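First residue of the sequence shown? That's 22 in our numbering, and the numbers climb one at a time after it.
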Amino acid sequence: MSTFHAVPRKPIGSPSSEEPAPTEAQTSLLSHEGSKDGVRKGQSLNAEKQALRGVPGHNNGFHQSPGNTDKRRQYLRPIATWWQEALAVVLLLASLVASFATLYPYQGKPIPEWPYSITIGALLSIYSVILRLAATFLLSQGIAQSKWHWFSGGPRPLYDMVLHDNASRGPMGAFGLLYRLVLPVTWQWLGCMLAIAALLVGPFTQQVLQYDNCAVLDVGSEAYITRASAFMQSNEGSHLTLREQSFIIAGLYSPGVVINSCGSGNCTFAPYTTVGYCSRCEDISSQVRTDKVLEQDEDGFGIQTITTSIPSDQENWPVQVRYTSREREISQPYVDRTLATAVVRNDSYVVLIGLAENPWNRNNGDTPAECADPANGKLWRCQGYGAASCSLFPCLRTYHSTVTNGLLHEELVELESEALKSSLSPWFDRATYVQAVLNLSCINDDDRAILRNRSYDLDNEIAWLPYNLTSGERFTETDEPLSIPFNPDITDPMERGLIDRGCLFAVPSDYQERLMWYFHLFHTRSLNVTEVPDASGYRVNGQMKGSQIQQFVWNDGDFSMERTESLFDNITLSLTNALRTNPGPLWRATHVREGGYKPEATAENDTNYIDVTSLYLPAVGQAWTTKTCARIRWPWLILPAIVTIFALVFYVGVSISARTLPQDVRTWKTSPLPFMFYGPGGTDQSRQQEWFNATSQHVDDMDAAARKIHLKLDRDEAGMAFSRKRGAVVDAERSSLTSGSDAVL
């Protein structure tokens, strides 16, 4: 068992004029071992040690690395000393670059499905941790290194070393050093500020990535909307089919459904054009005349007759409504009234609603509320009558459409009606005359050259060009038409290209006449109503007699010009939607046969037809599906980028300023050994610790020496002190003391 002998405490680095000799206690301890050889051996070692101190390279002064060491070791030593900082720089830059490289490809795009459920957020967190660790390490090393430069500039309080050490350990210590420093001390101040700012790197990085729902193209789903570049009615008489009539009546209730397909439920379509019909209504109430005649019956009661009419040059087609009121009719159970009438005049449907006494609400007998305002005096309902002339005509409708959650939204972006007023030309069946038009936005230069050669004017800035079909005629090299028999293989090559590219649009020229004939047959004449008195004496509407169109215009007395326009818009829209889906009989619309006649049953599969199926190809769109997408908020990466850049600037600046120090001192950084080995005692041989035997002031040499020194914190009569444990294994060759003894430092 070893014992401690109280010796005068010599602080680490305290001056000593000579090497201490063994004390009595140490000698007694040695004698207790039973031998004096140990003392002599120790004295011999001390003498050898003293002699070595006089040899260059073996003094304990301010050593530099030996100049005669192996060159390979000289080259590898800087790598061994600075590899951690180099790795930190690489990791610092790599983490920032990796953050940008990981986020940028997925900006506004679906989050990737990586193996093991790894997410972008997880990678971003890893990059953030690496960035903070690398930046903190560089800042710690830089602040620690700057303290040696700080003390080399002049006498400083020893407490400054404590402040620097605390600052190199974290943000709280950085606050303390900032309070001590003045701003001109650039590098320490910058390092402390960055150490504090590095705390915010994590929260800022977490704000960079957010998730939103976004639409992603679904290539596996189809998206189309029916459209038609032409339609052909059946060639049976001059009337509309029952199917076509039903489309008109259906428009009074709803415009119908456009057949479409969107597999994902969300689709978009580029603008597309389809043929159809449009309407135009003109308010002709200003032409209406009202005549009132007051008479008396045989009983002396008044009879008032109000005649509402539209003047006409055609005496056989008068447009008038006659309304008769009697003072005694309240006692009559039923009274028949004529409310409106309609005629077809000049390819227009003219409807007239007659004046029925003063305007009043037939449900309660009151004057309509809106009629109390004099500004509404010209409203149909307030003036008590109205008249409109509505026409239906072929047109081209251009739509921009979307399907959202399975619901189609069609927006009309352009309506062209004038271009279809071209001269008549025969259809490919040579039996039907059509009005055709070209979309100039899809024709090519060759088409333009041919059209100019055929005397078409293409110089005007127009989008639609009225066009005459060649209808099976073939042109010679001089562009002169040749009449030839019907042959599906020799149609005009230019027209074939126009058809296939969807540039040609055509409608039958006589379809408008069929529409007006239908209106004349089923929606003219008068609209009558049987009025029934209620308990209060007011007349209420009973059974209506007349066409459905007139009933919808009358609308139980709530009639208006706006409602009339809307009704006819819905009628033509319903008709258009039907024609898009039902372009006509195959033998006239898609597989055109000469004469437009249905082939015999035995000839259904022959090839004697002109295929124009591409005129009815649907508009193709893009299907989209909803996925979770990454939304990158780049401004939140500014702070991590600033910390990265200025951490590098800081460390480079500290390294450059450290060049004023000796080469070995530049390696000290965070090590506490320089202060322990070269503390206030200095480097003088006579003031150096007897147990310190590092070969140089390089931190690696000090580390090597420190590995052979064992200390223990213990208590003596003066308080707590470090004592060095001497042992045969550790210090047998260099210590002048005998194995097993203890010395208080």
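Every residue, glycine too, gets a C-beta built ideally from N, C-alpha and C.
Computed from a predicted model, the values in this text were never measured in an experiment.
Contacts around residue i, its chain only, beta-carbon distance under 6 Å, and the 5 residues preceding and following it disregarded
{"i": "Leu780", "result": "In the structure displayed, the chain extends from 22 to 766; residue 780 sits before or after that span and is not available."}
{"i": "Thr362", "result": "Val342, Leu373, Ser547"}
{"i": "Ala440", "result": "Val458, Trp485, Pro487"}
{"i": "Thr294", "result": "Leu417, Thr419"}
{"i": "Asn234", "result": "Thr647"}
Close beta carbons around residue i, own chain, < 8 Å, minus the five adjacent residues each side
{"i": "Cys403", "result": "Pro380, Pro389, Glu391, Cys392, Asn397"}
{"i": "Val670", "result": "Leu211"}
Range covered by the alpha helix (DSSP H) that runs through residue i
{"i": "Ile164", "result": "141 to 173"}
{"i": "Arg609", "result": "607 to 610"}
{"i": "Ser410", "result": "Counting along the chain, Ser410 falls outside any alpha helix (DSSP H), though it belongs to the beta strand (DSSP E) covering 407 to 425."}
{"i": "Ile471", "result": "466 to 474"}
{"i": "His185", "result": "180 to 188"}
{"i": "Trp448", "result": "Note, Trp448: premise wrong, no alpha helix (DSSP H); not H, not E."}
{"i": "Trp575", "result": "569 to 575"}
{"i": "Glu439", "result": "Counting along the chain, Glu439 falls outside any alpha helix (DSSP H), and DSSP gives it neither H nor E."}
{"i": "Asp724", "result": "720 to 727"}
{"i": "Trp401", "result": "401 to 404"}
{"i": "Pro695", "result": "694 to 698"}
{"i": "Arg517", "result": "514 to 521"}
{"i": "Arg264", "result": "263 to 271"}
Cβ-heavy atom distance, residue i to the ligand ZN, below 7 Å
{"i": "Val424", "result": "Although the ligand ZN was asked about, the structure shown includes no ligands whatsoever."}
Where residue i sits in the DSSP three-state scheme
{"i": "Leu376", "result": "coil"}
{"i": "Lys746", "result": "strand"}
{"i": "Pro131", "result": "strand"}
{"i": "Pro176", "result": "coil"}
{"i": "Tyr137", "result": "helix"}
{"i": "Ser530", "result": "coil"}
{"i": "Trp655", "result": "helix"}
{"i": "Val279", "result": "coil"}
{"i": "Ala361", "result": "strand"}
{"i": "Gly284", "result": "coil"}
{"i": "Pro192", "result": "helix"}
{"i": "Ser116", "result": "helix"}
{"i": "Ala640", "result": "strand"}
{"i": "Asp579", "result": "coil"}
{"i": "Val550", "result": "strand"}
{"i": "Val342", "result": "strand"}
{"i": "Asp632", "result": "strand"}
{"i": "Cys463", "result": "helix"}
{"i": "Trp103", "result": "helix"}
{"i": "Ala251", "result": "strand"}
{"i": "His541", "result": "helix"}
{"i": "Trp645", "result": "strand"}
{"i": "Ser369", "result": "strand"}
{"i": "Gly398", "result": "coil"}
{"i": "Arg207", "result": "The amino acid occupying residue 207 in the given sequence is Thr; Arg does not appear at that position. Residue state, collapsed to three classes: helix."}
{"i": "Leu594", "result": "helix"}
Terminal residues of the beta strand (DSSP E) in which residue i lies
{"i": "Val458", "result": "454 to 460"}
{"i": "Asp304", "result": "293 to 304"}
{"i": "Gln317", "result": "310 to 317"}
{"i": "Asp737", "result": "732 to 737"}
{"i": "Pro487", "result": "485 to 488"}
Chain-order list of residues whose beta-carbon lies under 7 Å from that of residue i (same chain, five-residue window excluded)
{"i": "Val641", "result": "Ala244, Tyr245"}
{"i": "Glu586", "result": "Cys302"}
{"i": "Ala668", "result": "Leu113, Ala156, Leu159, Leu160, Leu215"}
{"i": "Leu413", "result": "Tyr298, Ser300, Gln533, Leu536, Thr593"}
{"i": "Ala409", "result": "Cys302, Glu303, Asp304, Ile305, Val372, Met582, Thr585"}
{"i": "Leu152", "result": "Leu113, Ser116, Leu117, Val222, Pro661, Thr665"}
Using a Cβ distance threshold of 8 Å, determine whether the segment 534 to 548 contacts the segment 462 to 482, with at least three qualifying pairs required.
Between the segment 534 to 548 and the segment 462 to 482 there are fewer than three C-beta pairs closer than 8 Å, too few to call the two in contact.
Taking contact to mean 3 or more Cβ pairs, one atom from each stretch, closer than 8 Å, check whether the segment 650 to 659 and the segment 245 to 257 are in contact.
Fewer than three Cβ pairs drawn from the segment 650 to 659 and the segment 245 to 257 lie within less than 8 Å of each other, which leaves the two stretches out of contact.
Check whether the segment 303 to 319 and the segment 598 to 605 are in contact - that is, three or more C-beta pairs closer than 8 Å.
No, the segment 303 to 319 does not touch the segment 598 to 605.
Report yes or no: do the segment 221 to 237 and the segment 142 to 159 share at least 3 C-beta pairs separated by less than 8 Å?
Touching, yes, given that three or more Cβ pairs across the two stretches are closer than 8 Å.
Inter-stretch contact at 8 Å, needing at least 3 Cβ pairs: the segment 444 to 456 / the segment 611 to 621:
Yes: the two stretches touch, three or more of their Cβ pairs being nearer than 8 Å.
Between the segment 432 to 442 and the segment 232 to 240, do three or more beta carbon pairs fall short of 8 Å?
Not touching, per the Cβ criterion.
Pairs of beta-carbons, one from the segment 690 to 697 and one from the segment 718 to 730, closer than 8 Å: are there three or more?
Here the segment 690 to 697 lies against the segment 718 to 730, with 3 or more beta-carbon pairs under 8 Å apart.
Quick test of the definition: if touching needs 3 or more C-beta pairs under 8 Å, does the segment 153 to 163 touch the segment 103 to 112?
By the C-beta criterion, the segment 153 to 163 is judged to be in contact with the segment 103 to 112, since at least 3 inter-stretch pairs fall below 8 Å.
Assess, as a yes-or-no matter, whether the segment 176 to 193 is touched by the segment 120 to 128 under the definition of 3 or more beta carbon pairs within less than 8 Å.
Per the Cβ contact rule, the segment 120 to 128 is not in contact with the segment 176 to 193 (fewer than 3 Cβ pairs under 8 Å).
Entirely within the segment 212 to 244 and at least 3 residues each: give me those beta strand (DSSP E) ranges in chain order.
Segments of the beta strand (DSSP E) lying fully in the segment 212 to 244: 230 to 238.
Pair every Cβ in the segment 634 to 651 with every Cβ in the segment 279 to 293, then say whether three or more of these pairs are closer than 8 Å.
Contact holds: three or more Cβ-Cβ distances are below 8 Å.
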